[in-house]
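Numbering (our numbering), first residue to last: 461 to 713. Just so you know, even glycine gets a beta-carbon here, dropped at the ideal spot from N, CA and C. Bear in mind that the values here come from a model prediction, so they are computed numbers and not experimental data.
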């Protein structure tokens with residue numbers, strides 16, 4: 461099955477179109493968001509897997525990454541803007557395909573890996589969301605847990621931030637304001653799959669488990685929210701995890 465990969469821009473958002481050559485029209489659309497310091501090309505394996513199974517996959521560069529890389533040092537405020545703005549870009553991408561016969565914009569999925577998963581969680585809290593299924597991989601909906609975990613220093617260093625201001629009140633308030641773990645009732649209209657590695661050193665799995673226990677009773681159909689844990693997996697997405705993502709989109713798109 462030959463797959464075509466094309467570079468495009470949706471306004472100022474660099475993206476890829478990944479689709480099977482000769483595919484039928486009106487395919488379900490899946491938007492993919494990569495991890496920290498990454499780029500849209502990093503999710504091409506998952507995009508290819510989706511394409512050969514009948515999806516129109518569109519990986520995008522997050523704000524400050526890939527073709528729109530940020531040259532300045534990162535700040536907490538810039539990180540918050542990155543998360544918020546990239547979540548807004550999702551709807552811009554969907555709007556771009558309105559009227560495009562190749563895509564069915566009534567069947568849209570969103571998948572994110574690591575930072576992309578965090579963005580996926582934030583998108584689900586929006587009132588104007590336009591997706592029918594979401595997959596968050598090796599991520600957490602409890603943003604403050606990233607700052608309070610035992611290896612917070614390692615995470616902050618990896619992000620290139622100043623650890624001296626980690627408990628700055630205004631920053632913590634801003635993070636709390638977008639915290640998906642505090643906005644569960646706004647998220648339950650979209651089927652959500654959470655995929656995490658049991659041995660991930662960067663993600664507080666107990667926080668993800670607690671979120672899952674609390675949000676599941678809020679779903680009208682409890683099966684529409686699932687947490688799948690992959691034993692022995694650290695902070696990466698093995699093939700089995702990507703197949704889980706495909707299965708979820710096949711179920712709900």
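Helix, strand or coil at residue i [DSSP, three-state]
i, result
"residue 553", "helix"
"residue 685", "strand"
"residue 751", "Residue numbering for the chain in the displayed model covers 461 to 713; residue 751 lies beyond these limits and cannot be assessed."
"residue 652", "strand"
"residue 662", "coil"
"residue 647", "coil"
"residue 500", "helix"
"residue 638", "coil"
"residue 582", "helix"
"residue 544", "helix"
"residue 680", "coil"
"residue 536", "helix"
"residue 633", "helix"
Within 9 Å, strictly: CB atoms of residue i and residue j
i, j, result
"residue 516", "residue 492", "no"
"residue 651", "residue 711", "yes"
"residue 714", "residue 654", "Nothing about residue 714 can be read from this structure; the chain reaches only from 461 to 713."
"residue 483", "residue 514", "yes"
"residue 585", "residue 572", "no"
"residue 464", "residue 519", "no"
"residue 708", "residue 553", "no"
"residue 576", "residue 494", "yes"
"residue 658", "residue 689", "yes"
"residue 590", "residue 563", "no"
"residue 668", "residue 604", "no"
"residue 713", "residue 506", "no"
"residue 656", "residue 597", "yes"
"residue 498", "residue 522", "yes"
"residue 641", "residue 602", "yes"
Paired residues, beta bridge with residue i - DSSP
i, result
"residue 690", "657"
"residue 563", "487"
"residue 477", "466"
"residue 568", "489"
"residue 516", "489"
"residue 573", "597"
"residue 529", "524"
First through last residue of the alpha helix (DSSP H) which encompasses residue i
i, result
"residue 668", "665 to 675"
"residue 703", "699 to 712"
"residue 504", "504 to 511"
Span of the beta strand (DSSP E) around residue i
i, result
"residue 594", "593 to 597"
Fill in: Touch test, the region 635 to 643 against the region 687 to 701, Cβ-Cβ under 8 Å, three pairs minimum
Cβ pair count under 8 Å is below three, so no.
Worksheet item: Hey, is the region 553 to 564 in contact with the region 524 to 531, meaning 3+ C-beta pairs nearer than 8 Å?
Response: With the rule of 3 Cβ pairs closer than 8 Å, the region 553 to 564 does not count as touching the region 524 to 531.
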